[in-house]
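Chains as they are written, first to last, in our numbering: chain W, 4 to 232; chain Y, 10 to 297. In what follows, a single structure is set out as structure tokens and then discussed.
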């Protein structure tokens, strides 16, 4: 049996189990269907498989960085990677395993590496998006056509309605539902909701089709297409 | 006259093509301004945030006088990248549950979110005399695909087995009477991605629990249909949701301050868009 056949068979059996477990009643003609009893064990087994995937990620990351270090390609980044890895592993493990018994400098080291380096760095990377959104919004929102004007108008209402200043700017408007927060909420709750529902239906039908293709081994993925090359 | 008209057209042409470095500086100034000038704008509480508040109040009322209290599951599926939005949401709901004595369990598919939520609970719990293991518990990061979700909802103690400190579930008083998802009337999923979809799709039809979602502002518009259908009882939208919840709790914090900064940023974007469009219209008329 080729690896492809094994993968296809396991995929089919795994999908068949969850399909039957969901569709079949707990008892048929007085006989208990045992599938539900195996659900917890099977889920735990797949969690163990997931742990293997984390291990593989570690292996590939370390191998790639070691290769960079040895070959001299982008050596400074690799040195920084290994130093940071060693530091956070050391402080992290000692902080976790020793708890209150660890010396103060271990707690300080963990605080430094996790709360004062890692957390701000990740937050900063995502915060950079804010600057690009300002620049993109300024350049993209032009009233070239009626549709673009409508889009811009809706964006204005929702953007200002979602922040307190929108309510403050239109607090004087006597008709409540014309104030920005209420208008923005209506736009999100009615037209947006209808459009999102339509998109959701389309995506769900597409997901159903692709799931069936994967389950029945009709999908040609990267693994199968590179076999034999 | 012709020279003045040319100068005006040059100005409006430049208004459409401001170097983005100036835009970045303007954004920094707009966001930093409230630090120097005291600006306080009242926060309006939307119905979607109110829905989350009422859901927790409902659990608190249902638990009154009961021997075995039902729990709330708080899934912290967020990390430092969405900290600005998800941190205040998580902190607010944890604060509310600790104040009202609603027992809850913390879990997450992100490695950082549950750790941060534990820190929040440890900081807030002493104010109300709540204790770990009796009023709340954390199961930390769990690898949680669809099969694991199906296992968890069917047999919660069997799936989690131990908490983050290694204590068996059977020795945790807060987990007494908790067997499956029917003992968890409310799920609050605070996430940077579409995690709540799986709960609604796979578990809610069987176990009929209420679900509330703490979403980033980018994700939130996709979840209004779930509010309409009742599959979500409440929705916290970005930092605004956190600020509104702080308003409901009477405990203004990080999100309330952040909304002032966000207001300045949104005003700046609005002003720049107006400026660019005036320049566009003037330029178009001049070309005709």
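The beta carbon of each residue, even a glycine, is placed where N, CA and C say it ideally should be. Keep in mind it's a predicted model, so treat the numbers as computed, not measured.
Determine the closest residue to residue 284 of chain Y out of W:60, W:89 and W:140, with distance taken between C-alpha atoms. Among W:60, W:89 and W:140, the Cα nearest to that of residue 284 of chain Y belongs to W:140.
In angstroms, rounded to a whole number, what distance separates the CA positions of residue 26 of chain Y and residue 157 of chain W? 23 Å
Pair within 8 Å by beta-carbon distance, residue 288 of chain Y and residue 24 of chain Y: yes
What residues from the segment 198 to 216 of chain W come within 7 Å of chain Y, judged by C-beta to C-beta, listed N to C? 199, 200 and 203
Can you say whether residue 62 of chain Y is buried or exposed, counting buried as having 16 or more other CB atoms within 10 angstroms of its CB? Counting Cβ neighbours within 10 Å, residue 62 of chain Y comes out buried, since at least 16 surround it.
Short Cβ contact (8 Å threshold) for residue 72 of chain Y with residue 199 of chain Y: no
Can you find the residues in the same chain that come closer than 7 Å, C-beta to C-beta, to residue 218 of chain W, ignoring five residues on each side of it along the sequence? Excluding five sequence positions before and after residue 218 of chain W, the CB atoms of its chain that fall closer than 7 Å to its own CB belong to 14, 15 and 18, given in chain order.
Quick one: give me the first and last residue of the alpha helix (DSSP H) that residue 81 of chain Y is part of. Unbroken run through residue 81 of chain Y is the beta strand (DSSP E), 81 to 86; no alpha helix (DSSP H).
Helix, strand or coil, according to DSSP, for residue 174 of chain W in the structure here? coil
Tell me which residue opens and which closes the alpha helix (DSSP H) that residue 155 of chain Y is part of. Where residue 155 of chain Y is concerned, the enclosing alpha helix (DSSP H) stretches over 155 to 163.
Under 8 Å, do residue 204 of chain Y and residue 55 of chain Y count as touching if we go by C-beta distance? no
Considering only the beta carbon of each residue, do residue 182 of chain W and residue 174 of chain W sit closer than 8 Å? yes
Would you say residue 137 of chain W reaches chain Y, if we count a Cβ-Cβ gap shorter than 8 Å as a contact? yes
Nearest chain Y C-beta to residue 76 of chain W closer than 8 Å, yes or no? Answer no: the Cβ-Cβ gap between residue 76 of chain W and chain Y never drops below 8 Å.
Coil, strand or helix - residue 220 of chain W by DSSP: coil
Roughly how far, in whole angstroms, is the beta-carbon of residue 146 of chain Y from the beta-carbon of residue 172 of chain Y, given that I think they are within contact range, below 8 Å? 5 Å
Can you list, in chain order, the residues of its chain whose CB lies under 6 Å from that of residue 82 of chain Y, leaving out five sequence neighbours each side? Once the five neighbours on either side are set aside, the close Cβ partners of residue 82 of chain Y are 114, 193 and 196.
Residue 162 of chain W: buried (16+ other C-beta within 10 angstroms of its C-beta) or exposed? Buried is the call here.
Would you say residue 119 of chain W faces chain Y, with C-beta separation under 8 Å as the test? no
Taking residue 36 of chain Y as the query, report the chain W residues whose CB atoms sit under 8 Å from its CB, ordered along the chain. Around residue 36 of chain Y, the beta-carbon contacts reaching into chain W at under 8 Å are 133, 134 and 137.
Looking only at its own chain, which residues have a Cβ that is under 7 Å from the Cβ of residue 272 of chain Y, when we skip the five neighbours before and after it? 50
Measure the beta-carbon distance from residue 99 of chain Y to residue 292 of chain Y and round it to whole angstroms, keeping in mind my assumption that it falls under 8 Å. Contact doesn't hold; Cβ gap of about 48 Å is too wide.
Taking the continuous alpha helix (DSSP H) assigned at residue 15 of chain W, which residues delimit it? 6 to 26
From this set, Y:207, Y:248 and Y:242, which residue's C-alpha is nearest residue 225 of chain Y's C-alpha? Y:248
Apart from the five residues on each side of it in sequence, which residues of its chain come closer than 8 Å, Cβ to Cβ, to residue 29 of chain W? 35, 36 and 39
Could you work out which residue in Y:164, Y:294 and Y:134 is closest to residue 191 of chain Y when comparing CA atoms only? By alpha-carbon distance to residue 191 of chain Y, the top candidate from Y:164, Y:294 and Y:134 is Y:164.
Whole runs of the alpha helix (DSSP H) within the segment 83 to 130 of chain Y, excluding any shorter than 4 residues: 92 to 109
Taking the Cβ atom as the reference point for each residue, do residue 299 of chain Y and residue 36 of chain Y lie within a distance shorter than 8 Å? Summary: the structure shown does not reach residue 299 of chain Y, with chain Y confined to residues 10 through 297, and so no result is reported for it.
According to DSSP, residue 108 of chain W sits in a beta bridge with which residue or residues? Residue 108 of chain W has no beta-bridge partner at all, per DSSP.
Using a threshold of 8 Å, state whether the C-beta atoms of residue 233 of chain Y and residue 45 of chain W are closer than that. no
Own chain, CB closer than 8 Å to residue 22 of chain Y, minus 5 neighbours either side, in chain order: 288 and 292
Identify the contact partners of residue 90 of chain Y in chain W, using a Cβ-Cβ distance below 8 Å as the criterion. Those within 8 Å of residue 90 of chain Y in chain W are 125, 126, 128 and 129.
Could you tell me whether any non-hydrogen atom of the ligand SAM is closer than 7 Å to the CB of residue 272 of chain Y? Ligands in the displayed structure: none, and consequently the ligand SAM is not present.
Contact check, residue 207 of chain Y vs residue 155 of chain Y, beta carbons under 8 Å: yes
If the criterion is Cβ atoms closer than 8 Å, does the pair residue 259 of chain Y and residue 58 of chain Y meet it? no
Coarse secondary structure for residue 297 of chain Y, derived from DSSP in three states: Coil.
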